[in-house]
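Trainee:
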């Protein structure tokens, strides 16, 4: 984020029409996300248009008298516009979408339009459903699905392939673990609702389509970059980091290194963001400075800058933060070289948000989109004020203070959102930014030089070696900082109310500094007091809680959590990522002992006693003795947990246990889970299927 300061910022009080437009539009999109019925399209929009039309025929004095009403009508019209934008994107309202005429077993005509991405033993493609064979006829369709091809089939596929298959589409689902990534909602915001696993015997026809020339050019450039990095930097983690830094290719990134960057608060360094566009923009300005200052030269300069900016944006995958920066720099370039008028940064920010919402209204839910805009806005609002606190005569001290001011400024508005999504705060973010951002800048320029000299072996070897050791040094520094005491504060409670309170505190502080309006202090005191009360409430609730968490992991894992301590019920997959993120989410950072009692049932199976509740664990060790009869008095248990694929029948268990709830854990075969569920339906037993419904949390 350091180089966001190269954004041309004009704080003039000129008109900012988009700034007044964008807030009601965002409110309309947000309303439509959580309210499916399109009230805005059929009620609010026509009513607003009629009121605006009637307002035009009012006498001038009445128009002046009711100008606030006019502003409210315009705002309602913009609100309805935002809602309709999202309504039109919703597949439920698009009759051409495949979900309206697809039934399991129907044949699909798929067009693979993305570059292949290795995912374990599968290769992932994004595919467009062009047609569905439904009720003995082909029906034209739209919509995207995530497809996974096995290794054998992938050898016959390529970007642009078209194939016919009768594979059943499966809904994209979450693992549903506490604190886990909401993958289902993430896919929905991308317009993806289903996934398909393609197998050789289920693909009836595949024909390559002519690949779009732009796609072919971008793929060629991507292949050239990857081949160069792997040749002159090597196949180690440094090459993966080099590809991520310059072109956003993250498949070769080492997961442990990514975690180190996350823990130190500088993961933005390895995510293609506005910093990369700022570097490219500055480089293009420097390279094109030889052009004369004439009108036509300025037009040529603007054309070349915009061409390279959007080419880089497409090459790197067009993430939300890159799109934001591309739109902003495009507007700045047009204003500077075509219109020859300085742009207002607030209006430019709002205009870029509006354009991106028109392209994809769901983008407002993208975490990267939110953090990117908040970081830029935070820099615009706070950087100059923080930078003016100290002045240094020595140039190096001044430069160092500018970097500190920029890092602190960017953190102010992004911190509440980071706490809300991630519930953690990196304490060494400032030092990490001061060291990693300049190094990453040098590395990026070094990679550009490497790509330029790649046809010449000897210079490329020297440059590649230098880039490799720079990346190694940067990774080593970040790993060291991530291991310092207290490097990452985790399990910070932060709900939506606390986010609002934090922004109230920031807003009142800014209002007092900018306007010197003393009543702002009362708002600061009130919001701070309420925030402290909510923190105290959360702390008390966490210290007194008793939870049993059955995770949805590859193999069943479960924790009993009491206060800030946890104890695994058994040690299968107890250190997996799902389990660790769950413990962090609940703030359980200490492993306890004897938090629950472990005993044996009369039948010899293990049961646990937690906070007065009994949980019988039925696993692969369960064996019922032949000829064993049902006991006179059944053993009463609150829960039965089925894990590790036990060969058991629910009817058998019902003969021996008085069951409150059956918990079907992950790691059991699908066919056996289905049989257990059918038995529970027949016996009218309450059951929870963790693989289907996500992690199960019992609050004692």
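In my numbering, the protein residues as written are 448 to 1147. Using N, Cα and C, we set each Cβ at its ideal position, and we do this for glycine too.
Would you kindly report the start and end of the unbroken beta strand (DSSP E) that includes residue 579?
Mentor: That run of the beta strand (DSSP E) goes 569 to 581.
Trainee: Which of helix, strand or coil does DSSP assign to residue 1004?
Mentor: If DSSP states are grouped into helix, strand and coil, residue 1004 belongs with the strands.
Trainee: Any idea what DSSP makes of residue 564, helix, strand or coil?
Mentor: Residue 564 falls in the strand class under three-state DSSP.
Trainee: Can you tell me whether residue 884 is helix, strand or coil according to DSSP?
Mentor: In the structure shown, residue 884 sits in a helix (DSSP, three-state: H, G or I).
Trainee: Confirm, please, whether the CB-CB distance from residue 997 to residue 1110 is below 8 Å.
Mentor: The answer is yes: Cβ separation under 8 Å.
Trainee: Can you name the residues that DSSP bridges to residue 558?
Mentor: 575, 609.
Trainee: If you run the structure through DSSP and keep just helix, strand and coil, what is residue 1072?
Mentor: The predicted position of residue 1072 is uncertain, since its pLDDT is 46 and thus under 50; a value taken from the coordinates is nonetheless stated next. Reduced to three states, the DSSP call for residue 1072 is coil.
Trainee: If you compare alpha carbons, which of 709, 995, 880 is closest to residue 937?
Mentor: Of 709, 995, 880, the residue nearest in Cα terms is 709.
Trainee: Thinking just about the alpha-carbon of each residue, which of 611, 775, 782, 945 is nearest to the one in residue 798?
Mentor: Out of 611, 775, 782, 945, 775 has the C-alpha closest to the C-alpha of residue 798.
Trainee: Verify the contact flag: residue 640, CB atom, against every heavy atom of the ligand ADP, threshold strictly below 7 Å.
Mentor: In terms of ligand content, the structure shown is empty, and the ligand ADP therefore cannot be addressed.
Trainee: What whole-angstrom Cβ distance do residue 1151 and residue 1106 have, given they're in contact under 8 Å?
Mentor: The shown model of the chain, from 448 to 1147, leaves out residue 1151, and the question about it has no answer.
Trainee: Helix, strand or coil for residue 1094 per DSSP?
Mentor: Of the three classes helix, strand and coil, the one that applies to residue 1094 here is coil, per DSSP.
Trainee: Quick one: what's got a C-beta closer than 7 Å to residue 573's C-beta in the same chain, skipping five residues either side?
Mentor: Hits under 7 Å: 560, 561, 591, 593.
Trainee: Compute the beta-carbon to beta-carbon distance between residue 978 and residue 945, rounded to the nearest angstrom, for a pair I have assumed lies under 8 Å.
Mentor: About 6 Å; that satisfies the 8 Å criterion.
Trainee: List in chain order: all unbroken alpha helix (DSSP H) runs of 4+ residues lying wholly within the region 510 to 552.
Mentor: Runs of the alpha helix (DSSP H) inside the region 510 to 552: 514 to 536.
Trainee: Assuming residue 665 contacts residue 761 under a Cβ cut-off of 8 Å, what Cβ separation, rounded to an integer in Å, is found between them?
Mentor: Indeed they touch by this definition, with Cβ atoms about 6 Å apart.
Trainee: Do residue 959 and residue 968 have their beta-carbon atoms positioned less than 8 Å apart in this structure?
Mentor: Their beta carbons are under 8 Å apart, which means residue 968 touches residue 959 by this criterion.
Trainee: Short of 7 Å in beta carbon distance, which residues of its chain neighbour residue 954, apart from the five on each side in sequence? Order them along the chain.
Mentor: No residues qualify anywhere along the chain.
Trainee: So, using beta-carbon positions, are residue 1035 and residue 993 closer together than 8 Å?
Mentor: Their beta carbons are not under 8 Å apart, which means residue 1035 does not touch residue 993 by this criterion.
Trainee: Looking only at its own chain, which residues have a Cβ that is under 7 Å from the Cβ of residue 1104, when we skip the five neighbours before and after it?
Mentor: 1063, 1081, 1082, 1084, 1087.
Trainee: Is the region 594 to 606 touching the region 565 to 580, taking contact as three or more C-beta pairs under 8 Å?
Mentor: With the cut-off at 8 Å, the region 594 to 606 and the region 565 to 580 touch.
Trainee: Sorted by chain position, which residues of the same chain lie with C-beta nearer than 7 Å to residue 727's C-beta, five sequence neighbours on each side aside?
Mentor: Around residue 727: 755, 756, 759.
Trainee: In this structure, how does DSSP classify residue 997 when only helix, strand and coil are distinguished?
Mentor: Looking at residue 997 - three-state DSSP - the assignment turns out to be strand.
Trainee: According to DSSP, is residue 595 part of a helix, a strand, or is it coil?
Mentor: In the structure shown, residue 595 sits in a strand (DSSP, three-state: E or B).
Trainee: What are the residues that DSSP puts in a beta bridge with residue 585?
Mentor: Answer by DSSP bridge pairing, in chain order: 580.
Trainee: How far does the alpha helix (DSSP H) with residue 685 in it reach, from first residue to last?
Mentor: Its alpha helix (DSSP H) spans residues 684 to 694.
Trainee: My guess is that residue 688 and residue 717 are in contact by the Cβ rule of under 8 Å, so how many angstroms apart are they, rounded?
Mentor: With a Cβ gap of about 7 Å, residue 688 and residue 717 count as contacting.
Trainee: Do the region 817 to 824 and the region 852 to 866 meet, that is, are 3 or more Cβ pairs less than 8 Å apart?
Mentor: Output reads yes: the region 852 to 866 touches the region 817 to 824.
Trainee: Round the Cβ separation of residue 524 and residue 804 to the nearest angstrom and send it over; I've been treating them as touching at under 8 Å.
Mentor: Not quite, the Cβ-Cβ distance comes to about 16 Å (not below 8 Å), so this is no contact.
Trainee: Around the Cβ of residue 1014, are there at least 16 other Cβ atoms within 10 angstroms (buried) or fewer (exposed)?
Mentor: Counting Cβ neighbours within 10 Å, residue 1014 comes out buried, since at least 16 surround it.
Trainee: Within 10 angstroms of its Cβ, does residue 1089 collect 16 or more other Cβ (buried), or is it exposed?
Mentor: Counting Cβ neighbours within 10 Å, residue 1089 comes out buried, since at least 16 surround it.
Trainee: Within 10 Å of its beta-carbon, does residue 702 have 16 or more other beta-carbons around it, so buried, or fewer, so exposed?
Mentor: Answer is exposed; the Cβ neighbour count stays below 16.
Trainee: Using CA coordinates, which residue listed in 784, 933, 1026 is at the minimum distance from residue 736?
Mentor: Selected option, being the one with the closest Cα: 784.
Trainee: Less than 8 Å between the CB atoms is what I'm expecting for residue 744 and residue 781, so what's the real figure, rounded?
Mentor: Not a contact, Cβ separation roughly 15 Å.
Trainee: What residue range is occupied by the uninterrupted beta strand (DSSP E) comprising residue 1012?
Mentor: Residue 1012 -> beta strand (DSSP E) spans 1012 to 1015.
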